[in-house]
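Novice: Below are the structure tokens for one structure; questions will follow.
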Amino acid sequence: MGYFSQLPFDIRLEWGSNAIEHMAGDVDCVIIVDVMSFSTCVSVATKRGASVYPYAWKDDSAKDYASKLGAVTASNTRRFDGAGYSLSPLSLVNIPAQTKLVLPSPNGSSLAFKARDSGAAVFCACLRNLKATAIACAAYRNILVIPSGEKWPDGSLRPALEDWLVAGGIIAQLPERNPSPEALAAAASFHALPATALRQCSSARELIERGFVADVELCLATDADDRACRLQHDHFVIQQGTVAC
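In this text, residue positions in the sequence shown follow this note's numbering: the first is 256, and each later residue adds one.
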């Protein structure tokens with residue numbers, strides 16, 4: 256599979272879980288992008304001082320995992336009815352500091368859970384912390400950016416424009432590097448399309464039609480959060496020492 260490794264280049268981009276399996280072992284930094292909405296949830300919650308534990312499976316085993324950690328479990332469906340936490344970023348805007356939150360998701364959370372053993376530093380990126388993530392990751396020699404994408408009803412990957420665009424935005428803010436053609440294409444897309452256009456992308460329209468307009472606005476708040484989110488052992492926390500100004 257060497258011809259898919261993008262090895263001549265120090266910034267690489269590939270979609271989904273296969274990117275971790277085939278490419279994460281050759282880099283020292285992995286950036287996972289799942290804008291709508293795992294990555295946004297992580298940025299919102301960690302900014303409040305919470306710790307977010309990714310979990311790959313949306314079933315009752317998440318509660319057992321949380322129990323072992325002394326954590327609370329987010330609902331495995333997107334909802335916000337004023338009770339508990341979920342994949343709705345709005346449900347997390349008032350999460351108390353020091354909360355341990357297990358956040359199941361079949362996309363970004365699953366990728367982060369899988370990336371824990373890669374040996375690379377793992378970051379979680381969205382529009383809210385785009386600049387902060389680029390600053391935090393600039394010191395790494397070889398970087399793999401993974402737009403998570405969404406899932407079709409049959410479980411196959413649905414490439415998501417918002418993830419591609421944010422991946423490109425991070426790459427565009429890493430100058431004087433040698434990005435792969437895949438990475439360059441994403442960066443060019445970021446320059447070509449304003450983030451505001453994402454209100455009309457498929458993922459946003461789905462959320463809006465389901466009544467999650469506020470979630471879309473939270474997801475599209477570019478650089479609203481000034482620190483990156485890094486995986487520390489098994490949970491995401493705010494990256495200390497680097498602030499986006």
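Even for Gly, the Cβ is constructed at its ideal location relative to N, Cα and C.
(1) Can you list, in chain order, the stretches of the alpha helix (DSSP H) that have 4 or more residues and sit fully within the segment 392 to 464?
(2) V297 bridges to which residues according to DSSP?
(3) Taking the straight line between their C-alpha atoms, what separation do you get for D315 and C392?
(4) How would you label W407, buried or exposed, when you count the other beta carbons within 10 angstroms and need 16 or more for buried?
(5) Helix, strand or coil, according to DSSP, for H277 in the structure here?
(6) Please classify G466 as buried or exposed, where buried requires at least 16 neighbouring CB atoms within 10 angstroms.
(7) Is it a yes or a no for the segment 363 to 375 touching the segment 278 to 289, going by three-plus beta-carbon pairs under 8 Å?
(8) Using the rule of at least 16 other Cβ atoms within 10 Å of the residue's Cβ for burial, across every protein chain shown, is T388 buried or exposed?
(9) Of the residues H488, L356, E276, which one's Cα is nearest the Cα of R371?
Specialist: Based on what the coordinates show:
(1) The segment 392 to 464 contains these whole alpha helix (DSSP H) runs: 416 to 427, 436 to 447, 457 to 464.
(2) For this step, residue 297 is matched to residue 42 along the sequence shown. Answer by DSSP bridge pairing: none, since V297 is not bridged.
(3) Translated into positions along the sequence shown, residue 315 becomes position 60. Translated into positions along the sequence shown, residue 392 becomes position 137. D315 and C392 have their C-alpha atoms spaced approximately 35 Å apart.
(4) If you number the sequence shown from 1, residue 407 lands on position 152. Answer is exposed; the Cβ neighbour count stays below 16.
(5) The sequence position of residue 277 within the sequence shown is 22, counting from 1. Here H277 sits in helix by DSSP.
(6) The residue labelled residue 466 in the question sits at position 211 within the sequence shown. It is exposed - the Cβ of G466 has fewer than 16 other Cβ atoms within 10 Å.
(7) Yes, they touch.
(8) The residue labelled residue 388 in the question sits at position 133 within the sequence shown. T388 comes out buried.
(9) The residue labelled residue 371 in the question sits at position 116 within the sequence shown. Looking from the CA of R371, the closest CA among H488, L356, E276 belongs to H488.
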